[in-house]
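Undergrad: I'd like to ask you about the structure that follows.
Number of protein chains: 2
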Amino acid sequence: MLTVHHLGISQSERIVWLCEELEIPYQLIRYDRDPKTRLAPEEYKALHPFGTAPVINDGDVVLAESGAIIDYIISKYGNGRFTLKADHSNFADYLFWYHFANGSMMQALSIDLVVNRISGGTRDPVIESLLDRVYRAFDLVEKRLSIFDYFAGNEFTASDIMMLFPLTTMRVYTPLDLKPYPSIRAYLKRIGTRPAYQRAMKKGDPDLIPLLD
Amino acid sequence: MLTVHHLGISQSERIVWLCEELEIPYQLIRYDRDPKTRLAPEEYKALHPFGTAPVINDGDVVLAESGAIIDYIISKYGNGRFTLKADHSNFADYLFWYHFANGSMMQALSIDLVVNRISGGTRDPVIESLLDRVYRAFDLVEKRLSIFDYFAGNEFTASDIMMLFPLTTMRVYTPLDLKPYPSIRAYLKRIGTRPAYQRAMKKGDPDLIPLLD
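Here it is as structure tokens:
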């Protein structure tokens, strides 16, 4: 039986959402953040030596890292659903957004969070270039979603599951006004109507109103 | 024809290396960093709207993001080489390290770089927790390589191609003494003997002595 360890208000919401989309059996265990530091509790950190969310168990397997877990669950239990094959015309786009979410976009947002928390200090060209990536990422997303309904094209895929977190719940930590991004806002509304997404958010973070605008 | 745009001393060394491992035809175009800022030149940034290395062209396809490019090239031209299938006992490990490289480890190293460049400033528990990830990552890698010759087990895979950069060339930007990590050092020696790696580094960064110890 698949066990999904969900840390409140974290990237592990993706895994709960994927399981709901696939309608596969899984056990959900919720963990709350420390109310003062907002960090994961010790029992969550102990689940995997890297100590970050998400983490799943599947028999002897203990697996971390969103991209790895989603690929794993889809391959093992999802029959390849929500992925595109190499001969699909949107294959490269599918791969790009799937990897861009954590490889570049979450990195840009995390650096933004760090720079904003550290008061004062020097802002040299390297730092400025790293900060600029947040806006380049949102501009890139806006452009993509002004052409297609979903990241990989006109069908919902795992790229959407990877990309949603930096556009929604991550804004709890790095607030950003989405007014300049009408296509992103339309996309978030579209995702918000998905019953699986609604079920996942209700189960995973019942006290959070999903940041869909 | 596949074109690999290699920015000197950057993550795009992975793509040159992959092409050499697969022994597939490709055109290599090198770009030097600005000697003062160490940033990518404008012509490199113009290749893809996100402006980061690596970038490849393949016919009409313009693709960025290491993980996406490696998956793409292996699927299109590599016949699935250097990947593991879902029924392989090391499948979850393969996925983990493949995604961990940029999803978590490069993020931890980039945050380290940013914090060290910004003089002074507050170090609150969230910042400390993010910085701590660098050491947790290296400890995790050391433990893995003390058991297996390669990241996914006893065979060389694309996980090794993803993971090598944060262990080697990234140390140009975030220096780190590898003395406490004997298994990582033994692994780097092992990779350093691969003819494809040697060819790739000579072609991509002829003036750089690979950071293999």
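The listed protein sequences correspond, in order, to chains A and B. Under UniProt numbering, the first residue of the first sequence is numbered 1, with each subsequent residue one higher. Under UniProt numbering, the first residue of the second sequence is numbered 1, with each subsequent residue one higher. Glycine residues also receive a C-beta, built at the ideal position from the N, C-alpha and C atoms.
Pop quiz: D205 (chain B) and I29 (chain B) are said to be a contact at Cβ under 8 Å. What is the actual Cβ separation, rounded to whole angstroms?
TA: With a Cβ gap of about 14 Å, D205 (chain B) and I29 (chain B) do not count as contacting.
Undergrad: So, is R123 (chain B) buried or exposed, given that buried needs 16 or more other C-beta atoms within 10 angstroms?
TA: Exposed, since its Cβ has fewer than 16 Cβ neighbours within 10 Å.
Undergrad: Within 8 Å (strictly less), CB to CB, does L145 (chain A) reach chain B?
TA: Judged by the 8 Å Cβ criterion, L145 (chain A) is not in contact with chain B.
Undergrad: With a threshold of 7 Å on Cβ separation, who are the neighbours of N90 (chain A) within its own chain once the five nearest residues in sequence on each side are excluded?
TA: Excluding sequence neighbours, N90 (chain A) sits near L84, A152 and G153.
Undergrad: Where in the UniProt domain "GST N-terminal" (1-81) of chain A do unbroken runs of the beta strand (DSSP E), each at least 3 residues long, occur, reported from the N-terminal end onward?
TA: List check, beta strand (DSSP E) in window: 2-7, 26-31, 55-58 and 61-64.
Undergrad: What is the DSSP secondary structure of Y150 (chain A), reduced to helix, strand or coil?
TA: Looking at Y150 (chain A) - three-state DSSP - the assignment turns out to be strand.
Undergrad: Here's a check: name, in chain order, each residue in its chain whose Cβ is nearer than 7 Å to the Cβ of T52 (chain B), leaving out the five neighbours to either side.
TA: So the list reads A64, once near-sequence residues are dropped.
Undergrad: Is any beta-carbon of chain B found at less than 8 Å from that of residue 229 (chain A)?
TA: Because chain A is modelled from 1 through 213, residue 229 (chain A) falls outside the range shown and cannot be assessed.
Undergrad: Mark I111 (chain B) as exposed unless 16 or more other C-beta atoms lie within 10 angstroms of its C-beta, in which case mark it buried.
TA: Looking at its Cβ environment, which holds 16 or more other Cβ atoms inside 10 Å, I111 (chain B) is buried.
Undergrad: By the criterion of Cβ-Cβ separation under 9 Å, what are the contact partners of M106 (chain A) in chain B?
TA: Correct list: G103 and Q107.
Undergrad: With 8 Å as the limit, tell me which residues of the segment 15-48 of chain B have their beta carbon closer than that to any beta carbon of chain A; keep them in chain order.
TA: Cβ contacts with chain A come from T37, R38 and L39.
Undergrad: So, is M162 (chain A) buried or exposed, given that buried needs 16 or more other C-beta atoms within 10 angstroms?
TA: M162 (chain A) is buried by the Cβ-count criterion.
Undergrad: For E23 (chain B) versus M201 (chain B), is the C-beta distance shorter than 8 Å?
TA: Against a cut-off of 8 Å, the Cβ pair of M201 (chain B) and E23 (chain B) comes out as no contact.
Undergrad: Does the beta carbon of F82 (chain A) sit closer than 8 Å to a beta carbon anywhere in chain B?
TA: Answer no: the Cβ-Cβ gap between F82 (chain A) and chain B never drops below 8 Å.
Undergrad: So, R136 (chain A) versus F50 (chain B), is the Cβ gap smaller than 8 Å?
TA: Against a cut-off of 8 Å, the Cβ pair of F50 (chain B) and R136 (chain A) comes out as a contact.
Undergrad: For K179 (chain B), does the count of other Cβ atoms within 10 angstroms reach 16, so buried, or fall short, so exposed?
TA: Counting Cβ neighbours within 10 Å, K179 (chain B) comes out exposed, since fewer than 16 surround it.
Undergrad: Quick one: grab the DSSP three-state call for A86 (chain B).
TA: If DSSP states are grouped into helix, strand and coil, A86 (chain B) belongs with coil.
Undergrad: Between B:D87, B:I70 and B:M1, which lies nearest to H99 (chain A) when the distance is taken from Cα to Cα?
TA: Among B:D87, B:I70 and B:M1, the Cα nearest to that of H99 (chain A) belongs to B:I70.
Undergrad: Nearest to D213 (chain A) by alpha carbon, out of A:D139, A:I191 and A:R33?
TA: Taking only the C-alpha atoms, the option nearest D213 (chain A) is A:I191.
Undergrad: Mind listing the chain B neighbours of S129 (chain A)? Cutoff is C-beta to C-beta under 7 Å, in chain order.
TA: Ordered by position in chain B, the residues that pass the 7 Å Cβ test against S129 (chain A) are L39.
Undergrad: With a threshold of 8 Å between beta-carbons, can R136 (chain B) be considered close to chain A, or not?
TA: Cβ-Cβ to chain A under 8 Å: yes for R136 (chain B).
Undergrad: My output table needs one value for Y135 (chain B): the three-state DSSP class, helix, strand or coil.
TA: Of the three classes helix, strand and coil, the one that applies to Y135 (chain B) here is helix, per DSSP.
Undergrad: Could you tell me the distance, in whole angstroms, from the CA atom of Y31 (chain A) to the CA atom of A86 (chain B)?
TA: In a straight line, the C-alpha of Y31 (chain A) is about 29 Å away from that of A86 (chain B).
Undergrad: Is it buried or exposed, T157 (chain B), if we count other Cβ atoms within 10 angstroms and call 16 or more buried?
TA: Buried.
Undergrad: Please name the residue in B:L7, B:P182 and B:R81 whose C-alpha comes closest to that of P54 (chain B).
TA: When only C-alpha atoms are compared, the closest one is B:L7.
Undergrad: Could you say which of B:D207, B:L131 and B:L211 lies nearest to T169 (chain B) if we only look at CA atoms?
TA: Comparing Cα-Cα distances from T169 (chain B) to each of B:D207, B:L131 and B:L211, the minimum goes to B:L211.
Undergrad: What distance in whole Å lies between the Cβ atoms of V61 (chain B) and A101 (chain A), which are believed to be in contact at a cut-off of 8 Å?
TA: About 19 Å; that fails the 8 Å criterion.
Undergrad: Assign E155 (chain B) to one of three DSSP states: helix, strand, or coil.
TA: DSSP places E155 (chain B) in coil when its eight states are reduced to three.
Undergrad: Could you tell me if D207 (chain A) is buried or exposed, where buried requires 16 or more neighbouring beta carbons within 10 angstroms of its beta carbon?
TA: Under this definition D207 (chain A) is an exposed residue.
Undergrad: Return the chain-ordered list of same chain residues with a C-beta closer than 7 Å to the C-beta of S183 (chain A), the five sequence neighbours on each side being excluded.
TA: For S183 (chain A), where only same-chain residues beyond five positions count, the Cβ hits under 7 Å are E142, L145 and S146.
Undergrad: Which of helix, strand or coil does DSSP assign to I209 (chain A)?
TA: Reduced to three states, the DSSP call for I209 (chain A) is coil.
Undergrad: Could you work out which residue in A:M105, A:R33 and A:Y77 is closest to S159 (chain A) when comparing CA atoms only?
TA: Ranking A:M105, A:R33 and A:Y77 by Cα distance to S159 (chain A) puts A:M105 first.
Undergrad: The alpha helix (DSSP H) spanning G204 (chain A) covers which residue range?
TA: Its alpha helix (DSSP H) spans residues P195 to G204.
Undergrad: Can you check whether the C-beta of I9 (chain A) is within less than 8 Å of a C-beta belonging to chain B?
TA: No, its Cβ sits nowhere closer than 8 Å to a Cβ of chain B.
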